[in-house]
Amino acid sequence: MANQDYVSRAPAKKKKNNRNGKKASKNSSAVPLKAKLISLLLIVLIGVFSYGLWSLKTDPSTKTPLIEPVKITKEKKSLNKTDELPKPPKEKWTYVKDLETKEIEVGEYKVEEKGPYKMQCGSFKTQKQAETLKARIAFSGLEAQVQSVSGKNGTWHKVFLGPYPRKRLAEKDKHKLKRNNINYCQIWLWR
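No gaps in the numbering here: position 23 of the sequence shown is 23 in the UniProt record's numbering, and each next residue is one more.
Right, dumping it as structure tokens:
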């Protein structure tokens with residue numbers, strides 16, 4: 001528990017008692033001058049507003065509404081033209097007629113197949129790791145192949161699927177492998 005310094009504190013002030021023995025609070029019944037002015041201003045404004053409404057109600061000039069005279073004009077209507085529709089306006093544009101006679105040019109093009117595709121799902125230093133991935137792919141319903149390739153860094157065992165005639169078929173199998181939690185497969189051209 002922390003020690004308190006009772007000597008350095010100022011003594012508590014005693015509250016004064018009224019004659020009746022009750023403690024007197026500072027400004028207990030006094031209302032500030034600002035509050036008195038605001039309440040007086042509100043009373044005056046409400047009185048002025050009420051007087052204005054009363055004077056509008058009793059003023060004879062506000063009893064009768066203002067009515068503007070309506071001018072009545074007689075138009076002669078011909079009996080023949082009332083049953084007919086007006087003529088359509090003359091068109092300013094010619095695109096409607098141009099569309100009726102326009103011929104569409106159909107371009108002939110040929111989609112070039114880039115070649116067969118393969119999807120490689122992994123490349124490993126050991127044959128055992130490649131066979132493990134091949135087995136996981138087989139459990140997803142696809143058949144993978146393992147190819148051993150010698151290079152500058154030694155022998156690598158690549159696990160791939162394919163060949164696919166179109167890239168869309170390879171992407172379909174790639175999504176199937178992703179659903180079976182086999183990620184990081186890449187689609188390349190067959191070389």
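C-beta: ideal position from N, C-alpha, C; glycine also.
query: First and last residue of the uninterrupted alpha helix (DSSP H) at Y117; result: From DSSP, Y117 is part of no alpha helix (DSSP H) but of the beta strand (DSSP E) over Y117 to F124.
query: Residues that V149 bridges to, as DSSP identifies them; result: W156
query: Coil, strand or helix - residue 193 by DSSP; result: This structure leaves residue 193 out entirely; the chain is present only between 1 and 191.
query: Close-in-space but distant-in-sequence residues of the same chain around R136 (CB under 7 Å, 5 per side omitted); result: I182
query: Endpoints, alpha helix (DSSP H) assigned at I43; result: L33 to T58
query: Nearest to I160 (by Cα), restricted to the options N153, G122, H175 and Q129; result: The residue asked about is misnamed: residue 160 is Phe in this sequence, not Ile. Selected option, being the one with the closest Cα: G122.
query: Inter-residue spacing [alpha-carbon to alpha-carbon] between Q186 and E108; result: 33 Å
query: Residue environment, Y117, which counts as buried when at least 16 other CB atoms sit within 10 Å; result: buried
query: Among T155, W156 and K174, the one whose alpha carbon lies nearest that of G162; result: K174
query: Cβ neighbours of S140 in the same chain (closer than 7 Å, five flanking residues each side left out); result: K176, L177, N180 and I182
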